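Peer 1: Residue numbers (UniProt numbering), protein chains in the order written: chain A, 1 to 345; chain B, 1 to 345.
Structure provided below as structure tokens; questions to follow.
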DNA sequence: TTGAAAGCGCTACCAT
DNA sequence: ATGGTAGCGCTTTCAA
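Below, the structure is given as structure tokens:
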């Protein structure tokens with residue numbers, strides 16, 4: 001049998017297995033691709049007759065045509081994608097709410113928000129991975145992005161890089177969330193209540209040290225120059241660890257403890273109460289984050305209420321930065337903290 | 001002054017303000033774009049001399065060149081992007097862990113995982129928004145995607161659509177998470193413990209009904225055909241609502257309650273205890289999700305432990321589906337549930 | 001009012 | 001061993 005090479009294929013008749021393009025729409029509607037683009041994007045600069053519009057829309061609907069975002073932004077030279085790395089640690093309700101607000105606000109400004117799951121990739125490598133997507137803006141929570149990473153992102157077209165973390169990074173805008181103030185508030189509060197031997201719980205979970213270290217430092221700062229002492233108390237998030245800590249509580253001789261947050265407060269309070277330690281008489285306990293559960297504990301938990309920035313604020317900052325990338329990076333201190341005293345201190 | 005039209009511009013000398021492309025790298029290294037592509041992608045089919053490779057890499061490094069993912073996948077005709085809509089409701093630690101596992105597993109298989117923030121867009125409209133990104137696979141948690149949406153995604157090139165929810169959707173693979181079993185386990189457990197008048201807490205939060213409705217139905221199913229009754233108890237996630245419910249508790253005449261999950265259990269238990277209702281003597285309480293906090297309550301909370309699929313399993317399913325899109329959609333029941341009895345029942 | 005065509009950045013085929 | 005070049009899907013001048 002003789003092999004006959006295929007002749008140059010004449011335009012194949014609507015291969016249904018394939019993804020429809022604007023050319024397919026044009027063909028079906030009997031117009032040019034340009035016209036299709038005009039119609040589907042409601043181009044106002046050009047007048048297309050109503051019958052033509054109808055034919056084009058009908059054809060698009062029939063084919064189930066969906067424009068190709070990558071092709072579009074390739075042509076346009078820019079995208080409206082705002083990229084956020086998804087945090088690796090389990091996030092609390094506060095952060096969830098913040099993210100949702102942010103997404104809603106940015107959507108209203110016509111940006112597309114995308115969370116990118118970056119697994120244990122280090123610094124610049126992560127920045128490169130993000131840069132490949134050519135986002136118009138990158139919002140980086142926590143630490144872990146250096147000046148090099150910022151440079152990579154900017155060189156690849158990101159018009160705004162915003163860090164949400166404890167410190168500013170060269171070249172990037174910053175929403176400074178300095179958790180020092182959380183520890184500071186807690187420390188000052190305990191000191192005001194007459195406590196002088198203060199323990200500070202430091203969670204064992206990796207990824208949380210970004211927050212726990214400054215919170216500890218804040219407590220230290222609050223009592224600096226006084227006769228009060230601060231004792232670091234490493235604690236894993238499980239019952240046995242809490243029980244062990246509680247067992248040696250009286251030896252520690254502490255009269256107060258700041259527990260990093262309300263969840264750890266609950267964990268430790270339970271262990272202390274099981275051990276017979278009276279709260280707040282023997283030991284005052286203050287948590288942080290003002291979660292619902294704190295109000296449900298007995299005694300009711302005193303806590304540090306955090307004031308995060310609103311998603312709207314961040315969205316506005318992003319939009320401003322995108323519109324004028326040459327403007328000097330802004331750095332806003334955005335973390336407010338105030339103690340809510342209940343019955344545990 | 002006479003206006004002279006610009007002559008065709010001779011290759012401009014490295015406009016530093018602009019984003020470097022592979023052409024810039026080629027120019028700097030003194031080779032063609034093809035060679036740059038070969039080198040940077042480690043093309044094995046073609047032999048490039050070591051000195052050339054070095055020059056290319058050096059040029060890329062010097063310019064801070066990062067490839068343009070959109071252009072690449074446009075050319076390739078496909079991407080390795082796995083898209084997940086980010087759930088709008090606050091997610092618990094279980095879900096967070098699952099997502100992280102999934103991302104890690106998919107990254108190992110060389111996919112890029114992206115969470116897309118879809119704000120209150122309805123069904124097909126959301127599907128269109130996702131389809132514009134031309135993901136190779138789409139994973140949709142919860143309900144909210146219909147057969148139409150699946151069709152849109154497939155027609156625009158998605159090789160796998162997987163729903164993670166209560167029911168199968170025509171054309172899509174499914175990880176069936178039928179929360180009936182959770183309610184069923186709880187109901188059966190309470191019945192076994194001799195309880196006959198069972199209350200079921202139904203959270204007020206929108207977005208949670210996807211889970212709460214089947215959990216309620218499960219309880220009903222568990223006691224169907226017996227003399228036990230099931231009473232629906234709507235409850236908002238705040239103290240006042242819980243207090244109001246507790247205030248009329250004795251009127252309700254219930255001897256047991258399934259609280260949707262452990263958090264609502266804590267909320268209700270506190271209100272009941274403040275009201276003097278003895279647990280479990282007067283009223284047995286069972287939660288769900290087996291959170292840490294359940295173990296910290298007094299009495300210790302009985303709960304329904306959920307067995308979610310591992311991220312690895314889902315990653316494998318996705319990979320299989322992408323490799324062979326023609327295969328019939330698989331539907332796996334993946335939600336296991338078993339009661340962990342503690343002291344509250 | 002509509003169409004032809006260039007070109008965004010990239011890769012892979014085909015020459016040389 | 002390296003270069004030329006077509007073309008992925010789209011928008012947008014410029015011409016007709």
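Don't be surprised by glycine CBs; every beta carbon is placed ideally from N, CA and C.
Quantities reported herein were computed from a predicted structural model and do not represent experimental measurements.
Please list the partners that residue 113 of chain B has in chain A, where partner means a Cβ-to-Cβ separation under 7 Å.
Peer 2: By Cβ distance, chain A contributes 117.
Peer 1: Going residue by residue through the region 87 to 144 of chain A, where are the continuous beta strand (DSSP E) segments of at least 3 residues, counting only ones entirely within it?
Peer 2: Annotation: the region 87 to 144 of chain A contains the following complete segments of the beta strand (DSSP E) (minimum length 3 residues), in chain order: 112 to 116 and 137 to 141.
Peer 1: Name the one or two DSSP bridge partners that residue 279 of chain A has.
Peer 2: Bridge partners of residue 279 of chain A: none, in fact.
Peer 1: Should residue 42 of chain A go down as buried or exposed, given a rule of 16 or more other Cβ atoms within 10 Å for buried?
Peer 2: exposed
Peer 1: Enumerate in chain order the residues of its own chain whose CB-to-CB distance from residue 128 of chain A is below 8 Å, with the five nearest sequence positions on each side excluded.
Peer 2: 152
Peer 1: Kindly list the residues whose CB is nearer than 6 Å to the CB of residue 161 of chain B, restricted to its own chain and excluding five residues on each side of it in sequence; keep chain order.
Peer 2: 138, 150, 153 and 172
Peer 1: Which residues bound the beta strand (DSSP E) around residue 81 of chain B?
Peer 2: Residue 81 of chain B -> beta strand (DSSP E) spans 81 to 85.
Peer 1: Does the distance from the C-beta atom of residue 190 of chain A to that of residue 286 of chain A stay below 8 Å?
Peer 2: yes
Peer 1: Does the Cβ of residue 179 of chain B have 16 or more other Cβ atoms within 10 Å, making it buried, or fewer, making it exposed?
Peer 2: buried
Peer 1: Could you spell out the range, first to last residue, of the beta strand (DSSP E) harbouring residue 294 of chain B?
Peer 2: First-last for residue 294 of chain B: 292 to 296, but that is the alpha helix (DSSP H), not the beta strand (DSSP E).
Peer 1: Taking Cβ-Cβ distances below 7 Å as the criterion, which residues of the region 57 to 73 of chain A are in contact with chain B?
Peer 2: 64, 66, 67, 68, 69, 70, 71 and 73
Peer 1: Is residue 196 of chain A helix, strand or coil by DSSP?
Peer 2: DSSP, read as helix, strand or coil, puts residue 196 of chain A in coil.
Peer 1: Rounded C-beta distance between residue 229 of chain B and residue 198 of chain B? I'm assuming under 8 Å.
Peer 2: 7 Å
Peer 1: Would residue 114 of chain B and residue 145 of chain B qualify as a contact pair, given that the criterion is a beta-carbon distance under 8 Å?
Peer 2: With a cutoff of 8 Å on beta-carbon distance, residue 114 of chain B and residue 145 of chain B are scored as not near each other.
Peer 1: Assuming residue 288 of chain A contacts residue 303 of chain A (C-beta within less than 8 Å), just tell me the rounded distance between them.
Peer 2: 6 Å
Peer 1: Taking Cβ positions, are residue 201 of chain B and residue 272 of chain B nearer each other than 8 Å?
Peer 2: no
Peer 1: What are the complete alpha helix (DSSP H) segments, minimum 4 residues, inside the region 159 to 203 of chain A?
Peer 2: 180 to 192
Peer 1: Going residue by residue through the region 14 to 53 of chain A, where are the continuous alpha helix (DSSP H) segments of at least 4 residues, counting only ones entirely within it?
Peer 2: Whole alpha helix (DSSP H) segments, 4+ residues: 22 to 29 and 33 to 40.
Peer 1: Can you check whether the CB of residue 282 of chain A is closer than 8 Å to the CB of residue 295 of chain B?
Peer 2: no
Peer 1: Considering only the alpha carbon of each residue, which of B:333, B:318 and B:293 lies closest to residue 92 of chain B?
Peer 2: B:293
Peer 1: Report all residues from its chain with a CB closer than 6 Å to the CB of residue 67 of chain B; omit the five preceding and five following residues, and keep chain order.
Peer 2: none
Peer 1: Could you tell me which chain B residues have their CB closer than 9 Å to the CB of residue 270 of chain A, listed as they occur along the chain?
Peer 2: 295, 296, 297 and 298
Peer 1: Is the distance from the Cβ of residue 55 of chain A to the Cβ of residue 29 of chain A below 8 Å?
Peer 2: For residue 55 of chain A and residue 29 of chain A, yes; Cβs fall inside 8 Å.
Peer 1: Is it true that the CB of residue 85 of chain A sits closer than 8 Å to the CB of residue 140 of chain A?
Peer 2: yes
Peer 1: Residue 39 of chain B and residue 26 of chain B: beta carbons closer than 8 Å?
Peer 2: no
Peer 1: Relative to the alpha-carbon of residue 299 of chain A, which residue among A:332, A:277 and A:21 has its alpha-carbon at the smallest distance?
Peer 2: A:277
Peer 1: For residue 259 of chain A, tell me which candidate among A:235, A:252 and A:247 has the shortest Cα-Cα distance.
Peer 2: Nearest option by C-alpha distance: A:235.
Peer 1: Would you list the one or two residues that DSSP bridges to residue 286 of chain A?
Peer 2: A:258 and A:302
Peer 1: Going by C-alpha distance, which of A:165, A:247 and A:212 is nearest residue 232 of chain A?
Peer 2: A:212
Peer 1: Could you give the distance in angstroms between the alpha-carbon of residue 263 of chain B and the alpha-carbon of residue 70 of chain A?
Peer 2: 43 Å
Peer 1: Any Cβ of chain A within less than 8 Å of the Cβ of residue 204 of chain B?
Peer 2: no
Peer 1: Suppose the cutoff is 7 Å on Cβ atoms and the five residues either side in sequence are ignored; what does the same chain contact list for residue 193 of chain A look like?
Peer 2: The answer, listed in chain order, is 284 and 345.
Peer 1: Sort out for me which residues DSSP pairs residue 338 of chain B with in a bridge.
Peer 2: B:305
Peer 1: Just verifying my parser: in three-state terms, what is the DSSP assignment at residue 230 of chain A?
Peer 2: Residue 230 of chain A: strand per DSSP, three-state reduction.
Peer 1: For residue 206 of chain A, which of A:181, A:237 and A:338 has the nearest alpha-carbon?
Peer 2: Closest by C-alpha distance to residue 206 of chain A, out of A:181, A:237 and A:338, is A:237.
Peer 1: In its own chain, which residues sit with a C-beta less than 7 Å from the C-beta of residue 322 of chain B, not counting the 5 before and 5 after it?
Peer 2: Excluding residues within five positions, the ones whose Cβ falls inside 7 Å are 136, 137, 159 and 160.
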